[in-house]
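Down below is the structure, laid out as structure tokens.
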DNA sequence: AACCAGGACGTGA
DNA sequence: TCACGTCATGGT
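Numbering (the working numbering), first residue to last: 16 to 257.
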């Protein structure tokens, strides 16, 4: 009885991935300003997304840029977070040592546009000290969670997108889509939802990468204004038979 | 004018 | 564990 339900939820997880991928294609996450390789971006130019290129990030500063981005975009639109990153970039501060050489006030003004400037400045400095101490080692999830400012989603985002580790990222959009479609419950916590995905997908980082990015793309279209999901043309009635 | 944005922390049950 | 208030700014 329960087993059948679990199995159907697992099938839905797989089915929704293929539907989203067929609809939107590869998403090219995590966005990077001026990433290494390929063409020429001048200062301020943004190539940002890089579909089907799973080699990024390559450099130490590109990894660092993603870590900065995961904190800057907490409860904030990517548009705002990106502006903050561009401000930091114009200070040459998308580099851990350079960032720590800045005064708090300078950092705060640079990231003001992304909101929560006081706590995000603390968070960024904390993770930067940790990042320098790592010296090219891949951090563990618990190490990340012990840093002030890094919770479940940010830890998984860093592991998945900065370090290519197969850790599924669960965000508010994920909860919204899968709750609306009857695949999770209101009271399912972060790790339970994470397990639903990880136990039904091949543990490949590029699959988790695309799935989370596709969820965000789809949710921005149909799950941002209430009533959430009502106009979703793709997943409507996907839960029939549960 | 209220609501939302690619959340996390501190507190008190 | 878990619900709740708080953190800040920008766009719709």
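Positions of the beta carbon are idealized from the N, C-alpha and C atoms, including for glycine.
Problem set entry | Buried or exposed by the 16-neighbour rule on C-beta atoms within 10 Å, applied to residue 22 | Translated into the one-based positions of the first chain, residue 22 becomes position 7. With fewer than 16 Cβ atoms within 10 Å of its Cβ, residue 22 is classed as exposed.
For this session: From the DSSP output, in three-state form, read off residue 67 for me.
Result: The residue given as residue 67 occupies position 52 in the first chain. Coil.
For this session: May I have the straight-line CA-CA distance separating residue 244 from residue 215, to the nearest angstrom?
Result: Numbered from 1 along the first chain, position 229 holds the residue referred to as residue 244. Numbered from 1 along the first chain, position 200 holds the residue referred to as residue 215. Approximately 23 Å between the Cα atoms of the pair.
Exercise. Do residue 110 and residue 151 have their C-beta atoms within less than 9 Å of each other?
Worked result: Within the first chain, residue 110 is the residue found at index 95, counting from 1. Within the first chain, residue 151 is the residue found at index 136, counting from 1. Not in contact: residue 110 and residue 151 (Cβ atoms no closer than 9 Å).
Exercise. Residue 159 and residue 173 look like a contact to me (Cβ under 8 Å); what is the Cβ gap, rounded to whole Å?
Worked result: Here the question's residue 159 lines up with position 144 in the first chain. Here the question's residue 173 lines up with position 158 in the first chain. Confirmed, Cβ separation roughly 6 Å.
For this session: Check whether the Cβ atoms of residue 135 and residue 87 lie closer than 9 Å to each other.
Result: Residue mapping note: residue 135 aligns to position 120 of the first chain, counting from 1. Residue mapping note: residue 87 aligns to position 72 of the first chain, counting from 1. Yes, they are a contact pair.
Exercise. Nearest-angstrom Cα distance between residue 65 and residue 48?
Worked result: One-based indexing of the first chain puts residue 65 at position 50. One-based indexing of the first chain puts residue 48 at position 33. Rounded to whole angstroms, residue 65 to residue 48 spans 11 Å at the Cα level.
Problem set entry | Own chain, CB closer than 7 Å to residue 96, minus 5 neighbours either side, in chain order | What you label residue 96 is simply residue 81 of the first chain in a count that begins at 1. Within the same chain, residue 96 has close Cβ partners 84, 87, 88 and 129.
Exercise. Alpha carbon to alpha carbon, what distance is there between residue 170 and residue 222?
Worked result: On the first chain, residue 222 is found 207 positions in, with the first residue counted as 1. On the first chain, residue 170 is found 155 positions in, with the first residue counted as 1. The straight-line gap from Cα to Cα measures roughly 18 Å.
Problem set entry | First through last residue of the alpha helix (DSSP H) which encompasses residue 174 | Taking the first residue of the first chain as 1, we reach residue 174 at position 159. Element bounds for residue 174: n/a, residue is neither H nor E.
Exercise. So what's residue 47 in DSSP terms, helix, strand or just coil?
Worked result: The residue you call residue 47 lines up with position 32 of the first chain. Residue 47 falls in the strand class under three-state DSSP.
Problem set entry | Own chain partners of residue 283 with C-beta closer than 6 Å, once the 5 adjacent residues on each side are dropped | As displayed, the chain neither begins before 16 nor continues past 257, which places residue 283 out of reach and without an answer.
For this session: Please look up how many angstroms separate the CB atoms of residue 145 and residue 28, rounded, as I've assumed it's under 8 Å.
Result: The residue labelled residue 145 in the question sits at position 130 within the first chain. The residue labelled residue 28 in the question sits at position 13 within the first chain. Actually they do not touch by this definition, with Cβ atoms about 33 Å apart.
Exercise. Ordered along the chain, which non-local residues of its own chain (more than five positions away) have a Cβ less than 6 Å from that of residue 39?
Worked result: Here residue 39 refers to the residue found at position 24 when the first chain is read from its first residue. Around residue 39: 229 and 232.
Exercise. Between residue 126 and the rest of its own chain, which residues show a CB-CB distance below 8 Å, the 5 nearest in sequence each way excluded?
Worked result: Taking the first chain and counting its residues from 1, the one referred to as residue 126 is at position 111. 87, 99, 102, 103, 132, 135, 136 and 139, listed in sequence order.
Problem set entry | Same chain, Cβ closer than 7 Å to residue 248, neighbours up to 5 away in sequence not counted | As a working note, residue 248 is residue 233 in the first chain. Nothing listed; no residue qualifies.
For this session: Please go through the same chain and pick out, in chain order, the residues whose beta-carbon is closer than 7 Å to the beta-carbon of residue 79, but skip the five residues on each side of it.
Result: Locating residue 79 in the first chain gives position 64, where the first residue counts as 1. The answer, listed in chain order, is 109, 110, 111 and 146.
Problem set entry | alpha helix (DSSP H) segments (min. 4 residues) lying fully within the segment 110-181 | 111-115, 119-126, 132-149, 156-160 and 167-172
For this session: Take residue 179 and list the residues in its own chain whose beta-carbon comes closer than 7 Å to its own, dropping the five residues that flank it on each side.
Result: On the first chain, residue 179 is found 164 positions in, with the first residue counted as 1. For residue 179, where only same-chain residues beyond five positions count, the Cβ hits under 7 Å are 220.
Exercise. Looking at C-alpha atoms only, which residue of 246, 122, 118 and 73 is the closest neighbour of residue 192?
Worked result: Taking the first residue of the first chain as position 1, residue 192 is located at position 177. Per the Cα distances, 246.
Problem set entry | CA nearest to the CA of residue 71, picked from 185, 44 and 119 | For the purposes of this step, residue 71 is taken as residue 56 along the first chain, with counting starting at 1. Among 185, 44 and 119, the Cα nearest to that of residue 71 belongs to 44.
Exercise. Is the beta carbon of residue 141 sitting closer than 9 Å to the one on residue 166?
Worked result: For the purposes of this step, residue 141 is identified with residue 126 of the first chain, where counting begins at 1. For the purposes of this step, residue 166 is identified with residue 151 of the first chain, where counting begins at 1. Against a cut-off of 9 Å, the Cβ pair of residue 166 and residue 141 comes out as no contact.
For this session: Put residue 108 into one of helix, strand or coil per three-state DSSP.
Result: Along the first chain, one-based indexing puts residue 108 at 93. In the structure shown, residue 108 sits in coil (DSSP, three-state: anything other than H, G, I, E or B).
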